[in-house]
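In terms of this note's numbering, the sequence shown has 201 at position 208, counting the first letter as 1, and numbering is strictly consecutive.
No residue lacks a Cβ here, since even glycine has one placed at the ideal position from N, Cα and C.
From a predicted model like this one, the values you see are computed outputs, not experimental measurements.
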Amino acid sequence: MSLEYTSSEMMSVTAARALENGMTCFVGIGLPSEAANLARLTHAPDVVLIYESGTLQTKPAILPLSIGDGELCESALTTVAVPEMFRYWLQGGKIGVGFLGTAQIDRFANLNTTLIGDYKAPKVRLPGGGGAPEIATNAGEVFITLKHSKRAFVKDVDFITTLGFGRDGKGRDNVPNIGKGPTRVITDLCVMKPDPETKELVVVSLHPGVSREDVIEATGWEVRFAEQLESTPEPSANELEILRELKARTERVHAGA
-6 MSLEYTSSEM MSVTAARALE NGMTCFVGIG LPSEAANLAR LTHAPDVVLI YESGTLQTKP
54 AILPLSIGDG ELCESALTTV AVPEMFRYWL QGGKIGVGFL GTAQIDRFAN LNTTLIGDYK
114 APKVRLPGGG GAPEIATNAG EVFITLKHSK RAFVKDVDFI TTLGFGRDGK GRDNVPNIGK
174 GPTRVITDLC VMKPDPETKE LVVVSLHPGV SREDVIEATG WEVRFAEQLE STPEPSANEL
234 EILRELKART ERVHAGA
């Protein structure tokens, strides 16, 4: 009997599996936080989770509402000042993976969390960069997770908040002391990776039940597919149970239960 699960659960489980035991991960709030904590509660108990507010090796029982959520500080090994977090831990090359979400992403994995529309008269003002530009610059590599739609996956982002590979795919060329940049993008439809030569995002794996047409329809550019296109493994019963309990526990606490 096959398991029942949602496309969102498929995305979170696939994103969690991208993290390996022992990795040091700088975690963004939202979907990245959900995936990182699922990894910690399943196959990667020794993953070291670090949040922007200065919490090191944090093990939250519930998903934080923000980087300032007390749950992060209470469950951390220690908490350091934000300047130390960025200057020593991040710029010092001690972070293996940055795990980020975004509002918009383009074909060269540039991220936009600043605005939608024209810079001088934006339609929507977004929350801004936070620590994402520094994370994408200084972490060893970057994983990105977000839901797949034409609104989110655009040919060219309206504003580059966080550098992927620039407007032409060469934004990281000949720049000293910089991480690899984005190495995978995990959505509710597929997994994408940058082409080794052009740096344009290419679909390398389709989630179960998702067709090429589904991805083409949800992407704002003429998306390419790998020659050896894989099928993403389904979530296990254990992963789904732990993810659902984590989310239910979070809802109960945030509701004051």
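Could you check where the alpha helix (DSSP H) with residue i kicks off and where it finishes?
i, result
"lysine 240", "230 to 247"
"threonine 7", "0 to 10"
"leucine 34", "24 to 34"
"leucine 65", "63 to 67"
Buried or exposed for residue i, please, with buried defined as at least 16 other CB atoms from any protein chain shown within 10 angstroms of its CB.
i, result
"threonine 51", "buried"
"leucine 194", "buried"
"histidine 247", "exposed"
"glutamate 220", "exposed"
"valine 75", "exposed"
"valine 216", "buried"
"asparagine 14", "exposed"
"asparagine 170", "exposed"
"glycine 249", "exposed"
"alanine 8", "buried"
"threonine -1", "exposed"
"arginine 245", "exposed"
"alanine 32", "buried"
"alanine 132", "buried"
"proline 175", "buried"
"alanine 114", "exposed"
Work out the CA separation of residue j and residue i for me, nearest whole Å.
i, j, result
"leucine 222", "valine 73", "43 Å"
"valine 40", "leucine 34", "10 Å"
"histidine 141", "arginine 165", "25 Å"
"glutamate 232", "lysine 186", "24 Å"
"threonine 225", "methionine 4", "10 Å"
"glycine 85", "leucine 156", "19 Å"
"phenylalanine 158", "proline 53", "33 Å"
"leucine 199", "leucine 70", "38 Å"
"glutamate 67", "serine 204", "44 Å"
"threonine 266", "glycine 202", "No answer is possible for residue 266: the residues shown for the chain start at -6 and end at 250."
"glutamate 2", "isoleucine 22", "17 Å"
"leucine 239", "asparagine 167", "43 Å"
"aspartate 188", "lysine 116", "32 Å"
"valine 150", "aspartate 99", "6 Å"
"arginine 237", "lysine 148", "34 Å"
"glycine 91", "threonine 130", "9 Å"
Determine the contact status of residue i and residue j, defining contact as a CB-CB distance below 7 Å.
i, j, result
"leucine 24", "threonine 138", "yes"
"isoleucine 43", "threonine 243", "no"
"phenylalanine 101", "lysine 192", "yes"
"valine 208", "valine 197", "no"
"methionine 78", "glycine 122", "no"
"glutamate 134", "glycine 172", "yes"
"phenylalanine 19", "isoleucine 128", "yes"
"proline 57", "leucine 65", "yes"
Considering only C-alpha positions, which residue in the set the options is nearest to residue i?
i, options, result
"asparagine 105", "Ser(-5), Phe152, Thr(-1), Ala211", "Phe152"
"isoleucine 235", "Val20, His36, Gly110, Gly15", "His36"
"asparagine 30", "Gly47, Arg10, Glu45", "Arg10"
"arginine 144", "Gln97, Glu64, Glu227", "Gln97"
"glutamate -3", "Gly249, Asn170, Pro228, Glu206", "Pro228"
"threonine 17", "Lys87, Glu190, Gly174", "Lys87"
"phenylalanine 146", "Asn103, Gly61, Leu83, Val6", "Asn103"
"glutamate 27", "Arg80, Phe218, Val6, Asp99", "Val6"
"glutamate 45", "Asp62, Gly213, Pro115", "Asp62"
"glutamate 190", "Tyr112, Ser1, Ala211, Asp161", "Asp161"
"leucine 12", "Leu93, Leu182, Pro126", "Leu93"
"tryptophan 82", "Lys116, Val117, Pro115, Gly124", "Gly124"
"phenylalanine 136", "Arg177, Ser59, Glu64", "Arg177"
"proline 126", "Cys183, Thr95, Ala211", "Thr95"
Can you give me the start and stop residues for the beta strand (DSSP E) that residue i sits inside?
i, result
"serine 208", "In the sequence as displayed, the identity of residue 208 is valine instead of serine. Looking at the DSSP string, valine 208 is not in any beta strand (DSSP E); the run it does join, the alpha helix (DSSP H), is 205 to 210."
"glutamate 220", "217 to 224"
"proline 175", "175 to 179"
"glutamate 134", "134 to 138"
"threonine 17", "17 to 20"
"proline 126", "Not the beta strand (DSSP E): proline 126 falls in the alpha helix (DSSP H), residues 125 to 131."
"glycine 110", "108 to 110"
"lysine 142", "Residue identity check: residue 142 is serine in the sequence provided, not lysine. No beta strand (DSSP E) holds serine 142; DSSP gives it neither H nor E."
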